[in-house]
Amino acid sequence: KEKKGECPFCILEKRIARSLSSEAVSDAPLKINSCLRIYAEHFRTGRQEDAHEFLRYVIDACHNTCLRLKKLQQQQRGKSGIANGGDISGTGETVVKEIFGGALQSQVKCLSCGAESNKVDEIMDISLDILQSGSLKEALQKFFQPEVLDGNNKYKCDHCKEMVAARKQMSVLEAPNVLVIQLKRFEGMFGGKVDKPIAFDDILVLSSHMCKGSQAESTFCMPPSETLIAHMLLKYSI
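Numbering (the working numbering), first residue to last: 1 to 238.
If you want it as structure tokens, here you go:
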């Protein structure tokens with residue numbers, strides 16, 4: 001039984017170790033339930049919760065645990081009079097971010113002068129609308145589809161100094177080592193469920209959605225042993 005206040009990363013590590021053991025057995029629901037509040041305090045027994053939301057809480061909890069550990073290491077180094085190492089600084093870089101972290105670039109290009117404005121956002125996952133899509137590939141194409149800003153939605157160009165038509169394009173600047181994708185299965189203000197099947201291949205290639213000149217890896221493979229897990233994450237993140 002996990003102790004109250006135990007390290008979220010330690011709990012996850014033990015779960016992974018058990019799953020890889022030759023004598024592995026499934027955890028009882030009660031055991032899993034007893035750990036939920038460690039990751040998400042507002043989760044309640046007997047109430048339907050969001051699978052993707054819980055996954056993000058787990059990832060964030062492990063990331064924050066790593067940050068706290070780095071801070072303690074930094075404090076200990078300070079007390080010992082040891083100069084800080086490059087990987088012990090408060091940069092926010094952790095093994096969790098190294099695994100799940102990536103970056104998207106949003107570029108707006110003025111259609112009058114050609115000036116470009118780029119904004120980079122760090123990500124831990126990508127959420128896709130699937131209402132008008134039948135496959136993961138199609139949903140990704142719609143997500144990265146260019147948008148023309150015109151009419152009442154014109155863009156103020158810093159170079160032209162006026163409201164102009166522009167082209168907005170989202171692209172992957174840095175692909176994560178492990179890509180988490182959420183399929184938005186609720187629509188409208190009343191939250192109607194989109195329960196249609198969404199097809200996806202064993203290999204996902206993002207090269208057509210990468211920023212020009214990016215050297216980051218853009219191919220994601222799902223080995224046979226992990227295909228079911230990937231399917232569950234894609235289908236049941238509701």
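Beta carbons: idealized from backbone N, C-alpha and C, even for Gly.
In its chain, beyond the 5 residues on either side, C160 and V164 have a beta carbon closer than 6 Å to the beta carbon of S112.
The beta carbons of V180 and L131 sit no closer together than 7 Å. The alpha carbon of C62 has as its nearest neighbour, out of A175, E93 and E162, the alpha carbon of E93. Under the DSSP definition of a beta bridge, C157 partners with E162. The criterion of a C-beta distance shorter than 7 Å is not satisfied by Y155 and A139. Ranked by Cα distance from I198, the options E174, K168, S135 and Q107 are led by S135. Excluding the 5 residues flanking it on each side, I38 has same chain C-beta neighbours closer than 6 Å at P8, in chain order. Sorting G114, V58, A115 and K142 by C-alpha distance to the C-alpha of M124 places V58 at the top. Under a 10 Å Cβ-count criterion, K97 is classified as buried, with 16 or more other Cβ atoms of the shown protein chains found around its own Cβ. Restricting attention to H209, D150 and K168, the CA atom closest to the CA of E162 is found in D150. Taking the Cα positions, R47 is about 33 Å away from N177. With respect to the 7 Å criterion, Q74 and S127 are not classified as neighbours on the basis of their beta carbons. Shown here, S19 sits in a helix according to DSSP, grouped into three states. Annotation for E147: R167, K168 and Q169 place their beta carbon closer than 8 Å to its own, counting only its chain and skipping 5 residues before and after. With respect to the C-alpha of L36, the residue from D50, S21, K137 and S26 having the closest C-alpha is D50. E6 and K14 have their C-alpha atoms some 12 Å from each other. Following the DSSP letters along the chain, one finds S133 in no alpha helix (DSSP H), marked with neither H nor E. Contact annotation: K184 and D129 have beta-carbon atoms nearer than 7 Å. Assigned with DSSP and collapsed to three states, G151 falls in helix. Note that the C-beta distance between G102 and E187 is not below 7 Å. Residue burial is scored here from C-beta neighbours: Q141 has fewer than 16 other C-beta atoms within 10 angstroms and is therefore classed as exposed.
Sequence-distant partners of E122 (beyond 5 residues in either direction) whose C-beta falls short of 7 Å from its own C-beta, in its chain, are G101 and A103. The beta carbon of S19 is closer than 7 Å to none in its chain, skipping five residues each way along the sequence. With contacts defined by Cβ atoms closer than 7 Å, K119 and S133 do not form a contacting pair.
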